[in-house]
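Protein chains in written order, with UniProt numbering: chain P, 1 to 425; chain X, 1 to 280. Using N, Cα and C, we set each Cβ at its ideal position, and we do this for glycine too. Given the structure is predicted, the values throughout are model-derived calculations rather than measurements. Take a look at the structure set out below.
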Amino acid sequence: MGAEPAGAVRGKGPRARRPRRAGQCWPWFGRRGSMKCLVTGSNVKVLGKAVHSLSRIGDELYLEPLEDGLSLRTVNSSRSAYACFLFAPLFFQQYQATTPGQDLLRCKILMKSFLSVFRSLVMLEKTVEKCCISLNGQSSRLVVQLHCKFGVRKTHNLSFQDCESLQAVFDPALCPHVLRAPARVLGEAVLPFPPALAEVTLGIGRGCRVILRSYHEEDADSTVRAMVTEVCLGEEDFQQLQAQEGAAITFCLKEFRGLLSFAESANLNLCIHFDAPGRPAIFTVKDSLLDGHFVLATLSETDSYSQDLGSLERHRPVPQLQAHSTPHPDDFANDDIDSYMIAMETTIGNEGSRALPSISLSPGPQPPQSPGSPSEEEDEAEPSTVPGTPPPKKFRSLFFGSILAPVGSPQGPSPVLAEDSEGEG
Amino acid sequence: MKFRGKIVDGACLNHFTRISNMIAKLAKTCTLRISPDKLNFILCDKLANGGVSMWCELEQENFFSEFQMEGFSAENNEIYLELTSENLSRALKTAQNARALKIKLTNKHFPCLTVSVELFSMSSSTRIATHDIPIKVIPRKLWKDLQEPMVPDPDVSIYLPVLKTMKSVVEKMKNISSHLVIEANRDGELNLKIETELVCVTTHFKDLGNPPLASESTSQDRNPEHMAEVHIDIRKLLQFLAGQQVNPTKALCNIVTNKMVHFHLLHEDVSLQYFIPALS
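This is the structure we're talking about:
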């Protein structure tokens with residue numbers, strides 16, 4: 001049997017009566033069915049929370065009704081974070097992925113539009129009784145209808161785009177390190193960190209302690225250092241802790257908070273699967289009705305995380321967590337400021353052992369330049385990319401698996417924070 | 001130089017946190033002076049601060065169960081540190097329900113004030129959160145600029161009205177004018193006045209009471225109803241008022257005509273002095 005002619009309709013039934021558009025050929029359009037699902041009761045809020053969570057990651061939501069449930073996925077613009085929630089058919093009072101015999105639909109909506117339906121979680125909880133999501137293969141609108149109390153019905157018609165299925169390549173089973181704890185424990189643990197903190201390092205310290213430390217990218221030009229916060233969790237806080245001492249990864253806290261707040265509200269356990277620095281870390285939550293995966297890129301050992309075009313690039317060793325993981329004995333061994341002040345006079349850049357990069361923007365030590373006219377010197381301080389092109393992406397892309405050339409520069413001596421005191425006391 | 005302190009009492013911890021929040025609202029960067037008996041938060045009247053200065057003092061033994069310090073030298077047994085106030089208040093915020101708080105001067109890669117909070121947690125293990133606040137040690141030669149400001153003899157000294165009320169009045173006035181006149185007399189009256197081309201607004205506070213004056217010499221000559229006034233930048237006054245989240249135990253204001261206004265608050269046992277210069 002040969003391929004069916006474009007626009008042909010398979011099977012009988014109401015769809016067969018759809019008038020064929022003359023002269024137009026939309027083969028995929030003709031075979032798509034409709035999707036319909038109905039969420040009721042407290043699950044409406046769960047769905048809303050999941051959308052809030054996804055909105056922390058990306059600007060576009062990929063909605064794909066599958067046989068094993070409704071999948072909501074997103075990816076961030078730099079492709080360094082991917083998130084996916086899969087709601088099993090049992091999560092819904094009614095679930096129809098597609099009309100029988102038709103292809104599954106796939107659509108992409110603006111996250112902002114979909115989020116606006118579920119904007120107020122309080123409202124969802126208090127007034128919404130049912131939520132019906134439907135997608136008709138014919139129309140170009142995704143319809144979300146909220147059936148509220150007192151007979152109020154809110155209908156949202158959202159436009160969408162057809163798209164390919166968003167797939168990320170990852171397998172939690174391949175990760176050697178696993179941590180599992182109630183989301184509440186992890187939520188409590190991240191409380192001490194400033195809400196604006198971008199990145200955090202998670203690692204295993206001595207005695208199987210799990211340490212979370214704020215990560216700041218040091219800018220040599222900046223004279224203001226950031227406060228460093230560290231939280232230490234004991235082994236007993238975890239239901240599963242399978243990781244080597246010294247293993248550590250640095251990832252985006254803001255993106256992680258998205259999943260964390262969902263998991264806390266649903267009272268679930270959160271599982272963290274990770275590997276070597278640079279390999280993506282996989283955060284998962286699961287219960288009988290849903291499962292969520294957040295895959296975040298981690299800082300690799302030699303790459304530095306820089307988004308500003310032309311900003312300083314430096315080598316940053318993976319934060320060594322062991323040094324601070326032992327409890328400080330209550331003595332003044334580390335407290336002697338005087339020795340620091342004396343040491344400052346004699347310090348030389350202690351990280352000069354790093355390989356010099358081919359391109360450097362550091363105002364500090366420059367590779368020796370051949371004596372020449374001033375104009376030559378200017379040419380040598382080229383930015384690493386041509387202005388106007390997109391900035392180089394330092395996080396390894398999850399999808400393409402390619403590693404961009406690591407660039408770094410030797411760290412100059414730390415800025416002296418205090419002037420030499422006059423004489424010795 | 002060494003410093004180490006520990007707070008175990010919940011009420012002391014909360015009070016210390018509130019003080020730190022107030023300082024964070026009053027000064028972005030401030031100097032912390034550590035001496036054997038006291039802790040001071042200082043803002044000196046540099047141009048960068050707009051001429052405003054602040055002196056906050058607390059007795060360490062009212063807060064710390066353990067306190068040890070070793071200053072610059074035996075004759076100068078003090079430590080002066082510069083820090084970003086918000087860092088301290090943020091670090092202390094995590095200590096809301098803590099078992100204990102330890103604060104210590106350390107040198108981990110760079111000089112810091114390490115605040116270590118021992119938290120209660122659901123599980124049996126104690127959770128520890130550590131904050132390393134970067135600091136700058138202020139060299140001895142700059143200490144002279146960081147001494148307690150001299151308080152000139154005021155023309156009028158008066159108790160302040162409820163600060164919240166004052167703040168909401170000044171907040172509204174800020175939308176109309178950028179400077180304000182604060183005037184008061186020895187009859188318990190205080191006025192806040194703003195004047196523009198189109199409108200004049202005055203808010204009158206009465207029956208406030210005046211503290212007894214230290215020097216009675218000039219006071220006898222003056223008519224008690226005579227107002228002493230000073231023109232100040234409204235935003236500076238607002239910043240001061242916005243920092244007072246809790247009603248102080250005692251609040252008074254000293255006006256030196258056309259020179260400055262000096263606010264002196266007492267939050268339980270912590271004293272705060274705030275100086276706003278007159279606009280030239």
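Top-ranked residue by Cα proximity to residue i, from the options
| i | options | result |
| --- | --- | --- |
| P/P176 | P/V185, P/V285, P/P280 and P/S34 | P/P280 |
| X/L32 | X/N247, X/I135, X/L180 and X/K167 | X/I135 |
| X/D187 | X/M173, X/F64 and X/I158 | X/I158 |
| P/C131 | P/V122, P/Q93 and P/F150 | P/Q93 |
| P/L233 | P/R206, P/S265 and P/E217 | P/R206 |
| X/K192 | X/L198, X/L213, X/P211 and X/A228 | Note on residue identity: the sequence assigns Leu, not Lys, to residue 192 of chain X. Minimum Cα distance to X/L192 is reached at X/A228. |
| X/P211 | X/V230, X/T202 and X/D155 | X/D155 |
| X/L252 | X/P161, X/L198 and X/E171 | X/P161 |
| X/N254 | X/V151, X/L241 and X/P111 | X/V151 |
| P/N269 | P/H52, P/A181 and P/L259 | P/A181 |
Any C-beta of chain X under 8 Å from that of residue i
| i | result |
| --- | --- |
| P/C208 | no |
| P/V200 | no |
| P/T250 | no |
| P/P194 | yes |
| P/E129 | no |
| P/R141 | no |
Cβ neighbour criterion (16 or more within 10 Å) applied to residue i
| i | result |
| --- | --- |
| X/S73 | exposed |
| P/D59 | exposed |
| P/G151 | exposed |
| residue 288 of chain X | Since the first residue of chain X shown is 1 and the last is 280, residue 288 of chain X is not available in this structure. |
| X/N97 | exposed |
| X/H204 | exposed |
| X/E70 | buried |
| P/P371 | Confidence at P/P371 is low in this model, with a pLDDT of 42, below 50, so its placement is unreliable and the value that follows should be read with caution. It counts as exposed. |
| P/E345 | For P/E345, the pLDDT reaches just 36, beneath the cut-off of 50, and the residue's location in the model is therefore unreliable, leaving the point undetermined. |
| X/H109 | exposed |
| P/K149 | exposed |
| X/K250 | exposed |
| P/E64 | buried |
| P/R56 | buried |
| X/S116 | buried |
| P/T201 | buried |
| X/F41 | buried |
Residue-chain proximity (residue i, chain P), Cβ-Cβ < 8 Å
| i | result |
| --- | --- |
| X/F67 | no |
| X/P134 | yes |
| X/T94 | yes |
| X/T202 | no |
| X/S20 | no |
| X/A91 | yes |
| X/R127 | yes |
| X/T130 | yes |
| X/S35 | no |
| X/S168 | no |
| X/S157 | no |
| X/F16 | no |
| X/S121 | yes |
| X/F41 | no |
Residue i to residue j span [Cα, whole Å]
| i | j | result |
| --- | --- | --- |
| P/M111 | P/L61 | 5 Å |
| residue 289 of chain X | P/C271 | Nothing about residue 289 of chain X can be reported from this structure: the residues present for chain X run from 1 to 280 only. |
| P/P71 | P/T298 | Per the sequence shown, the amino acid found at residue 71 of chain P is Ser instead of Pro. Approximately 25 Å between the Cα atoms of the pair. |
| X/R18 | X/E183 | 30 Å |
| X/D37 | X/I79 | 12 Å |
| P/T250 | X/V256 | 56 Å |
| P/L105 | P/S214 | 42 Å |
| X/K236 | X/L279 | 11 Å |
| X/P277 | X/K25 | 19 Å |
| X/A11 | P/E199 | 33 Å |
| X/R127 | X/E61 | 27 Å |
| P/L90 | P/L289 | 6 Å |
| P/V39 | P/Q145 | 10 Å |
| X/A242 | X/H262 | 16 Å |
Minimum Cβ-Cβ distance from residue i to chain B less than 8 Å
| i | result |
| --- | --- |
| X/N87 | In the structure shown, chain B does not exist; the protein chains are P and X. |
Check: residue i C-beta below 7 Å from any heavy atom of the ligand PLP
| i | result |
| --- | --- |
| P/R106 | Because no ligand of any kind appears in the structure shown, any question about the ligand PLP cannot be addressed here. |
Say whether the segment 227 to 236 of chain P touches the segment 186 to 194 of chain P, bearing in mind that this needs 3 or more beta-carbon pairs closer than 8 Å, one atom from each stretch. yes
The segment 281 to 291 of chain P touching the segment 235 to 247 of chain P, judged by at least three CB pairs closer than 8 Å: no
When you compare the segment 42 to 55 of chain P with the segment 116 to 126 of chain P, are there three or more beta-carbon pairs, one atom per stretch, that lie closer than 8 Å? yes
Do the segment 81 to 90 of chain X and the segment 64 to 73 of chain X touch if we need at least three Cβ pairs shorter than 8 Å? no
So, do the segment 240 to 259 of chain P and the segment 74 to 91 of chain P have three or more beta carbon pairs nearer to each other than 8 Å? yes
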